[in-house]
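Reading through the structure tokens given below for one structure.
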Amino acid sequence: MNRCQMVSFGAIETEFCRLQGKDPMNSEPVLTDVFENGMIEVLRELATHKFLTRNTSRDMLPHIEEANKILCDNFSALRDKLPKKEKEALGDLEGDFNIVAGYEEEEAFVKGFIEGYRFLKTLHVSTGKD
-8 MNRCQMVSFG AIETEFCRLQ GKDPMNSEPV LTDVFENGMI EVLRELATHK FLTRNTSRDM
52 LPHIEEANKI LCDNFSALRD KLPKKEKEAL GDLEGDFNIV AGYEEEEAFV KGFIEGYRFL
112 KTLHVSTGKD
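Heads up: the sequence shown begins at -8 in this note's numbering, then just goes up one per residue.
This is the structure we're talking about:
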């Protein structure tokens, strides 16, 4: 049967196997973990989509802006002193750093999104409001 699932079976297979042959009364923690992992997978997809489609023009905090300016100035000064071959190598290295920085920014956004959801959920539960 070809069926679209919110969470892939591979994501829960390990937890499901732990339940086999166990007392159903002891399965609540495992099922809770399975549900939590599924929710995290869904929230990660939502957060990643939000990250990739958000308006990228945003104001930087002054200390970040200043550190970025210093970095760019120092990088340019170094690049200007290098011969052509080393300039190309430095450019490749800069590209690699930028890729890693992009991945780190995306992961930080996703983790913050998930933690924000948990915080709001905790507030919702603590107030008892539906």
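Here a beta-carbon is modelled for each residue, glycine too, at the ideal position from N, C-alpha and C.
Residue i, buried or exposed, once every other Cβ within 10 Å from all chains shown has been counted against 16
i	result
alanine 68	exposed
valine 25	buried
Proximity below 9 angstroms, CB of residue i to CB of residue j
i	j	result
leucine 81	arginine 70	yes
leucine 37	phenylalanine 104	yes
glutamate 85	phenylalanine 66	yes
glutamate 79	leucine 43	no
Backbone CA spacing between residue i and residue j [nearest angstrom]
i	j	result
glutamate 27	threonine 113	14 angstroms
alanine 92	proline 20	36 angstroms
leucine 34	glycine 107	11 angstroms
glutamate 57	arginine 49	15 angstroms
histidine 40	lysine 102	13 angstroms
methionine -8	aspartate 64	Low confidence applies to methionine -8: its pLDDT is 47, below 50, so where it sits in the model is not reliable enough to give any reading.
leucine 161	serine 117	There is no way to answer for residue 161, as the model of the chain reaches only from -8 to 121.
proline 74	methionine 30	52 angstroms
proline 53	threonine 47	17 angstroms
histidine 115	arginine 109	10 angstroms
request  = Run through the region 22 to 73 for me and flag every whole alpha helix (DSSP H) of 4 or more residues, listed as ranges in chain order.
outcome  = 53 to 72
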